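Colleague: Residue numbers (this note's numbering), protein chains in the order written: chain E, 106 to 555; chain L, 106 to 555. Below: one structure in structure tokens.
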């Protein structure tokens, strides 16, 4: 089991969703609910997030179901026949409004709003949060890394340390959405038709008694490869590439070398000089090993002659911010606005819209408003699913999603796009939404005293 | 797609594993290789690790295969018929020696050693690392949290923010292995027969117009539940539980309350007093919301009257150390020891064994040795798989694995078991292994100059 088969994913939920659902059925509480998914506070090292994971999530929702074995399990756990029969017939029939994938967003802004009968909207909470959290987290981290590298390609080498198979596959998609050029993960490459990259590891060199022989044999099978030069001694490794180039003459098609340890900036400079001095100006230098946006930025500032970067763990687990304070909160039930007053965890009630204003081609400020307001700027949330089916207008084409993400990132003000410390982006709450929040708060307080 | 179906997992590999494999086949390099999996350096906030994930991994290895669509994909990617035919017949036939799950270990100690024909051992690298990394990471984090809570139960509430479905399911197993009492994740509970826990969320309260009605209706369906009291005002919430107790009299079966926001220590004290003053001494207090081993330790030091802790994100993503510096390195091929000399990344060549000495019932020191040495102490690595099949002696029973983990943790010296800063555990390298490393290093340097 790696993430279970798709038709069993109904049970990817917290026990309390099922107990609440059982109680809702018992109380005949089937009226429509609206839940809002949003990030309460950005991590210290983030000034924006990049929405990701929507299309894979909607695909899961369209197919969400349970297996017979799972029903037996629920019966063993003491759940009612009423609940089990409900789940047997379960088909998600709700509406989803969402930020299109690749849209940048900020704290407290609704990323997704689900409108569905209360038991349905409740049941899917865990899955919705889990999937959008993972993919938004990794797309956002990847965007920072891609921005730090400017025009230089980033390759995702994270499959070995990303948290599990699902994170490996969907994470690679999310990272490409964030601006990464290719992934080493073949399962992700196949499943999502992503560009893949990779050539050789140290083990290949190690398995040969001579590094030079290893280079030579590998290029016989893959002439236009990237040779890994740091298995024994980096500079000596580069010299062997030069020796091979001389030996092969016109047959030498190698495209570059990879450095994976040591002082990457200094080794890149020495390697570049050696290559150039020997007529190999056209060979690229790929650097990898413990890289992230901060290290890449430092290498770029020092003008290290590196042509592309392989980034693994730091990106794949979003190591400086491995989780987002994401929440999925009830904001309306049976036509009435809802919120909770738990300290430090404010909720904006009701269905909402976000209006984004642009000035001189750059985003200038956002306003979170009630869903039916008309405010200056561009409304961000779009209807993407009704009656449990994705709408034709919903963007599924991954290339277009990636283009949208790049356009969004280009429109971020430089102070938000940078990885340096700076001001945060301005997000307002509209007067009407603010009034409504006040009004619902009063109602809830009354419910707390009755 | 959530992690793909099991029979497609052969393709969960990095592209370079396949290019190397293609080259190995081209060069007829089928002799036996040994790869060692180990953690190079412990994260700053870890003084030990808890081995986890072995049995789920071995199950995957027994069943590893590819789908026809994947072969088409590989052909499209330019892979040779020779490679594709090899994968079509692929069946892992290697030997695995490993630390039993639940064994504590330290940096540089082999956790797993795989002996198999080189192409096989190479192909599985990405999967082996990914799976053991995830599960060891989360079991180790969970062990710290469980130790900080002493005898008080910890509940895993992390499903919503753990990185994807696979991490959610296998992670819950790993966290229970680390000492957590139960999980909220129903898919994990079902798949691995784990104890599950959970009652109600804020949304249930919010969906009712009155908090008191919500409590009352929920207890009609689930009389012996835990009521969540912080949706509106924590202390007022507790008072409503008391009101309900008075109203229901002998029918009141509620087992406890849950606090999920605010100053948990202070609110627990006030709640405890209110409950006790009203004859509800038997109600437990569960605390949750942003907890980890540091916060639990602080609450325990302040004698907060909390009976159990729900821990989510901090544990589920191992937030203070979201990745381990885990490596899977070629250490032997065709009967010869192998290593690489890349700076800062030392490798111990050849098959190895770890001997652990115990003094007064506590682990005192470990020695990493060659596999055939006989040294004082208990040898830790056991043969768990031969010819690609799990051995009958390999422990699959999850309860026994958990017992072993608890015994191991109890035998850790207090200075290693604590979450405070202190010395690290002593790990030596045997003289014979040290000599062998020297000898292989010389050989490899020769290979670097030839």
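Each residue gets a CB set at the ideal place from its N, CA and C atoms; glycine is no exception. Quick caveat: nothing in here was measured; it's all calculated off a predicted structure.
Does the Cβ-Cβ distance between residue 448 of chain L and residue 423 of chain E come in under 8 Å?
Modeller: no
Colleague: When you compare the CB positions of residue 453 of chain E and residue 291 of chain L, do they come within less than 8 Å of one another, or not?
Modeller: At least 8 Å separates the beta-carbon of residue 453 of chain E from that of residue 291 of chain L.
Colleague: On the CB-based measure, 16 or more other CB atoms within 10 Å of its CB, does residue 328 of chain E come out buried or exposed?
Modeller: Counting the other Cβ atoms within 10 Å of the Cβ of residue 328 of chain E gives fewer than 16, which makes it exposed.
Colleague: What residue range does the alpha helix (DSSP H) around residue 351 of chain E cover?
Modeller: 339–353
Colleague: To which residues of the same chain is residue 375 of chain E closer than 7 Å at the C-beta, ignoring the five residues directly before and after it?
Modeller: 340
Colleague: Under the DSSP definition of a beta bridge, which residues are partnered with residue 470 of chain E?
Modeller: In the DSSP assignment, the residues bridged to residue 470 of chain E are E/462.
Colleague: What's the gap between the Cα of residue 525 of chain E and the Cα of residue 149 of chain E?
Modeller: 11 Å
Colleague: For residue 415 of chain L and residue 397 of chain L, which I take to be in contact (beta-carbon distance under 8 Å), what is that distance rounded to the nearest angstrom?
Modeller: Their Cβ separation, rounded to whole angstroms, is 12 Å, which puts residue 415 of chain L and residue 397 of chain L out of contact at 8 Å.
Colleague: Which residues mark the beginning and the end of the beta strand (DSSP E) in which residue 218 of chain E is found?
Modeller: 217–222
Colleague: Contact criterion: CB-CB distance below 8 Å. Does residue 541 of chain L meet it with respect to chain E?
Modeller: no
Colleague: Can you round the beta-carbon distance between residue 363 of chain E and residue 234 of chain L to whole angstroms, since I take them to be within the 8 Å contact cut?
Modeller: Taking the Cβ atoms as the reference, residue 363 of chain E lies roughly 19 Å from residue 234 of chain L, outside the contact range of under 8 Å.
Colleague: Answer yes or no: does any C-beta atom of chain E fall closer than 8 Å to that of residue 144 of chain L?
Modeller: Interface annotation, residue 144 of chain L: not in contact with chain E, CB-CB separation never under 8 Å.
Colleague: Between residue 303 of chain L and the rest of its own chain, which residues show a CB-CB distance below 7 Å, the 5 nearest in sequence each way excluded?
Modeller: 289
Colleague: Compute the distance between the beta-carbons of residue 460 of chain E and residue 471 of chain E, then report whether it is under 8 Å.
Modeller: yes
Colleague: Distance, Cα to Cα, residue 435 of chain L vs residue 144 of chain L?
Modeller: 14 Å
Colleague: Please tell me whether residue 171 of chain L has its Cβ less than 8 Å away from any Cβ of chain E.
Modeller: no
Colleague: Quick test of the definition: if touching needs 3 or more C-beta pairs under 8 Å, does the region 530–547 of chain L touch the region 291–300 of chain E?
Modeller: no
Colleague: Select from E/520, E/549, E/534, E/544 the residue whose C-alpha is nearest the C-alpha of residue 151 of chain E.
Modeller: For residue 151 of chain E, the nearest C-alpha among the options comes from E/520.
Colleague: In angstroms, rounded to a whole number, what distance separates the CA positions of residue 216 of chain E and residue 534 of chain E?
Modeller: 15 Å
Colleague: In angstroms, rounded to a whole number, what distance separates the CA positions of residue 333 of chain L and residue 543 of chain E?
Modeller: 24 Å
Colleague: Below 7 Å on C-beta distance, what does residue 414 of chain L contact in chain E?
Modeller: Listed along chain E is no residue with a C-beta nearer than 7 Å to that of residue 414 of chain L; the closest approach is about 16 Å.
Colleague: The alpha helix (DSSP H) spanning residue 359 of chain E covers which residue range?
Modeller: Element bounds for residue 359 of chain E: n/a, residue is neither H nor E.
Colleague: Between residue 239 of chain L and chain E, is any beta-carbon pair separated by less than 8 Å?
Modeller: yes
Colleague: What separation, rounded to the nearest whole angstrom, lies between the Cα atoms of residue 282 of chain E and residue 514 of chain E?
Modeller: 11 Å
Colleague: Do the CB positions of residue 246 of chain E and residue 161 of chain E come within less than 8 Å of each other?
Modeller: no
Colleague: Return the chain-ordered ranges of every alpha helix (DSSP H) run that is complete within the region 397–453 of chain E and spans a minimum of 4 residues.
Modeller: 398–406, 418–421
Colleague: Tell me whether the beta-carbon of residue 252 of chain L lies closer than 8 Å to the beta-carbon of residue 278 of chain L.
Modeller: At a Cβ-Cβ threshold of 8 Å, residue 252 of chain L and residue 278 of chain L do not count as neighbours.
Colleague: So for residue 519 of chain E, helix, strand or coil by DSSP?
Modeller: helix
Colleague: Mind checking if residue 506 of chain L is an interface residue toward chain E, Cβ cutoff 8 Å exclusive?
Modeller: no
Colleague: Assuming residue 301 of chain E and residue 219 of chain E form a contact by the criterion Cβ under 8 Å, report the distance between their Cβ atoms to the nearest whole angstrom.
Modeller: Actually they are not in contact, since the Cβ atoms of residue 301 of chain E and residue 219 of chain E sit about 34 Å apart, beyond 8 Å.
Colleague: Could you spell out where the alpha helix (DSSP H) holding residue 323 of chain E opens and where it closes?
Modeller: 316–326
Colleague: I'd like the span of the alpha helix (DSSP H) that includes residue 176 of chain E, first residue to last.
Modeller: 173–181
Colleague: What did DSSP end up calling residue 336 of chain L once you bin it into helix, strand or coil?
Modeller: Here DSSP, grouped into helix, strand and coil, assigns residue 336 of chain L to coil.
Colleague: Would you list the one or two residues that DSSP bridges to residue 490 of chain L?
Modeller: Beta-bridge analysis with DSSP links residue 490 of chain L to L/201, L/495.
Colleague: For residue 188 of chain L, collect the residues of the same chain with a Cβ closer than 8 Å to its Cβ; drop the 5 residues on either side in sequence, then sort them by chain order.
Modeller: 123, 126, 127, 130, 179
Colleague: Between E/551, E/487, E/426, E/393, which has its C-alpha nearest residue 412 of chain E's C-alpha?
Modeller: E/393
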